[in-house]
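*Asks:* Let me give you the structure first, and then I'll get to my questions.
In my numbering, the protein residues as written are 672 to 808.
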C-alpha cells in the first residue's frame with residue numbers, strides 16, 4: 672500500500688529466492704525499497720596451477736589438515752633418522768631412551784649396575800613393597 676507518498680508493507684512477500692536470476696521488475700522494486708541484497712562472487716569449477724588441474728576442494732584445507740600433514744612428515748623423518756642412525760633434533764630424544772633401555776637390559780641381565788638400574792632391580796625383586804607404597808600415595 673502507498674500511504675501519504677510512502678510505501679507501506681502490510682505483509683511479507685517473497686520477491687525473489689536465492690539462486691534465481693533477478694529480472695528488471697524485481698530489481699526496480701528492490702531499488703525503490705532501497706534494498707540491495709546482492710553479493711557477487713565466483714563459483715570455482717576447477718583450479719589450474721603449474722599445468723595441473725585440481726578440484727576446488729583443495730582450497731578447503733583447515734589448520735588441522737596442515738598440522739596433521741606436518742606431523743605425519745615429522746614422524747616419517749623420525750622413522751628414517753632412527754633407522755639409519757642419523758641424529759636429528761626430533762630423533763635424539765628417542766635415541767637416548769632406546770640407548771637407556773639397552774643399557775638397562777644389560778644391567779638387569781648381568782652384575783653391572785648404576786643407580787637407576789639398582790632401583791629397577793629393587794622393584795623387580797620386591798614388587799609387593801612398591802605396589803603397597805604406590806597404593807598408599
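Beta carbons: idealized from backbone N, C-alpha and C, even for Gly.
May I have a chain-ordered list of the alpha helix (DSSP H) segments no shorter than 4 residues that lie completely inside the segment 760 to 802?
*Replies:* Correct list: 763 to 780, 786 to 796.
*Asks:* Taking the alpha-carbon positions, what's the residue 770 to residue 734 distance?
*Replies:* Position 99 of the chain shown, counted from the start, is the residue given in the question as residue 770. Position 63 of the chain shown, counted from the start, is the residue given in the question as residue 734. Their backbone Cα atoms lie some 36 Å apart in a straight line.
*Asks:* Hey, could you find the ends of the alpha helix (DSSP H) residue 748 is sitting in?
*Replies:* The count along the chain shown starts at 1 and reaches residue 748 at position 77. 734 to 755 is the span of the alpha helix (DSSP H), which, as asked, contains residue 748.
*Asks:* Taking the beta strand (DSSP E) that residue 726 falls in, what are its first and last residues?
*Replies:* Taking the chain shown and counting its residues from 1, one reaches residue 726 at position 55. It is not in any beta strand (DSSP E) - residue 726 carries neither H nor E in the DSSP assignment.
*Asks:* Using alpha carbons as the reference points, say which of 787, 758, 762 lies closest to residue 772.
*Replies:* Residue mapping note: residue 772 aligns to position 101 of the chain shown, counting from 1. Per the Cα distances, 787.
*Asks:* May I ask you to check if the CB of residue 749 is nearer than 7 Å to at least one heavy atom of the ligand ATP?
*Replies:* No copy of the ligand ATP occurs in the structure displayed, which carries no ligand at all.
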